[in-house]
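Per the numbering used here, numbering of the sequence shown is gapless, rising by one per residue and ending at 206.
Just so it is clear, CB atoms sit at the ideal spot from N, CA and C, and this is done for glycine as well.
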Amino acid sequence: MNPKVLLIAGSPTSGSHTRAVLEALSARLVAFGAVPSLLDLALVSLPRCDPRFHSDPSEHPDPAVGAFAERVRSADAIVLGTPLYHGSYSGVLKDALDLLASDGFDDKPVGLVSHGAGIRACTLPCEHMRAIVRAMGGVSTQSQIGTTKSDFESNAEGTRTLVNPDILARVETMARELIALSYGMAAKRIAERKLG
């Protein structure tokens, strides 16, 4: 089994620092045999949530909602990435997560990534997302990643690249943890099916 990992960039800006971290994480996941895919919320148009479809997002009249919910459902692991907005995660990410069923992360490992202006605040979104992951039935990875602008270099075109060796080491740790948890949770589901 090659774990499928869905990385969700929750920044309203394309080419964001958040996306750059997720691209670095995606590269490490590939190196370890996983199959990552990146969903950049700055590049997709999702509607606001409608409580009538909380139990089954696939019934939502907007096909983008069903497609998003299916990508989450079919993934073995999820990564949530966000910039720091007013002490928490972005509204763009919250709006997307609100489209999912309450058990949308059921038995999935979820990695948490955030970016902020200062080292003291850059991990605040991770703490708030951890509560969301738990409420949606997921299991947050032990490692989390918080970055600031000084962790990146930009080229003339404005493309950002994560360069801080300490953060890159965390990226590697999270990639390994996501894969290990994916295997462990898959084995747990198989065992439960045999027992049940």
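Exposure of T151, with buried meaning 16 or more beta-carbon neighbours within 10 Å: buried
Secondary structure of E163, DSSP reduced to three states: strand
Short Cβ contact (8 angstroms threshold) for L49 with V15: no
The alpha helix (DSSP H) enclosing E83, as first and last residue numbers: First, the amino acid is wrong: residue 83 is Arg here, not Glu. Its alpha helix (DSSP H) spans residues 73-84.
Beta-carbon proximity check, L191 vs P119, cutoff 8 angstroms: yes
Enclosing beta strand (DSSP E) for G156 [first to last residue]: 149-157
For H138, the nearest candidate out of F115, D161, S100 (CA to CA): S100
Per-residue DSSP class, three states only, for K14: strand
Minimum C-alpha distance to E167 - residue among L17, G25, G20: G25
Closest by C-alpha distance to A52, when choosing among D60, L103, H64: L103
Euclidean distance between Cα positions of A85 and H27: 24 angstroms
Short Cβ contact (8 angstroms threshold) for T92 with P46: no
CB contact flag (I189, I155, <8 angstroms): no
Under 8 angstroms between C-beta atoms of G147 and D108: no
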